[in-house]
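Put into structure tokens, the structure is as follows:
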């Protein structure tokens, strides 16, 4: 997988946890919406404030997002990239996660999901994802057993 130019691109991170992906994307020049459930927002906001220089903080917005709910608070198809790291683990959230991805995605949006494939449920999610998007594995780290998948509406032929 080659480099990705995030300068002035619109990015959303789902299930941010500590916000590492969103913070790095901001440092690389993106305008980033960093999301998680309400219970995680206070720590997430503190982490973003502590790890971004003051001049970059306006480029990172922390917002509540519970997958499948209140999606009208997020513009449909407005993001160039959707990022998620280790967010595929609760099977009961798969349908809501897919609904959220579909809402946030335009034809040009690139979804990048990193995860470990541990259980049958993880394979089940990938099958569900492939039923709605074109999906390709763009990187595999065998030492950590981490996969990075790229998903897009339509064809994944285009490089990003």
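Numbering (this note's numbering), first residue to last: 526 to 685.
Backbone N, C-alpha and C define an ideal beta-carbon position, used for all residues, glycine too.
Since we're looking at a predicted model, the values are computed, not measured.
Looking only at its own chain, which residues have a Cβ that is under 8 Å from the Cβ of residue 634, when we skip the five neighbours before and after it?
Counting from 1 along the chain shown, the entry for residue 634 is found at position 109. Closer than 8 Å at the Cβ level, and outside the excluded window around residue 634, lie 602, 604, 605, 606, 607, 677 and 678.
Segments of 3+ residues assigned as beta strand (DSSP E) that fall wholly inside the segment 545 to 582
DSSP runs (the beta strand (DSSP E)) wholly in the segment 545 to 582: 556 to 561.
Candidates 658, 547 and 595: closest to residue 557 by CA position:
Translated into positions along the chain shown, residue 557 becomes position 32. Taking residue 557 as reference, the option from 658, 547 and 595 with the minimal CA-CA separation is 547.
Compare the C-beta of residue 585 against all C-beta atoms of chain B and say whether one is closer than 8 Å.
Reference to chain B is not applicable here, since this structure consists of a single protein chain.
What separation, rounded to the nearest whole angstrom, lies between the Cα atoms of residue 659 and residue 597?
Position 134 of the chain shown holds residue 659. Position 72 of the chain shown holds residue 597. Taking the straight line joining both Cα atoms gives about 25 Å.
Identify whether residue 682 lies in helix, strand or coil by the three-state DSSP scheme.
As a position in the chain shown, residue 682 is number 157, starting the count at 1. The pLDDT assigned to residue 682 is 47, lower than 50, so where the model puts this residue is not dependable, and the model offers no usable value.
Go to residue 619, then tell me how far its beta strand (DSSP E) extends in each direction, as first and last residue.
Within the chain shown, residue 619 is the residue found at index 94, counting from 1. Where residue 619 is concerned, there is no enclosing beta strand (DSSP E), although the alpha helix (DSSP H) it sits in stretches over 619 to 629.
Judging by CA-CA distance, which residue of 563, 554, 595 and 561 is the nearest neighbour of residue 580?
Within the chain shown, residue 580 is the residue found at index 55, counting from 1. Minimum Cα-Cα distance from residue 580 among the listed residues 563, 554, 595 and 561 corresponds to 554.
With DSSP as the reference, please indicate the residues paired to residue 677 in a beta bridge.
Position 152 of the chain shown holds residue 677. Within the DSSP bridge table, the entry for residue 677 names 659 as partners.
Check each candidate in 600, 644 and 610 and name the one with the smallest Cα separation from residue 625.
Within the chain shown, residue 625 is the residue found at index 100, counting from 1. Taking only the C-alpha atoms, the option nearest residue 625 is 600.
Just grab the DSSP bridge partners of residue 651 for me.
Locating residue 651 in the chain shown gives position 126, where the first residue counts as 1. Looking at the DSSP assignment, residue 651 forms no beta bridge with any residue, so it has no partner.
List the whole-angstrom C-beta distance separating residue 573 from residue 564, where the pair is believed to meet the contact cut-off of C-beta under 8 Å.
As a position in the chain shown, residue 573 is number 48, starting the count at 1. As a position in the chain shown, residue 564 is number 39, starting the count at 1. 16 Å between Cβ atoms; not a contact.
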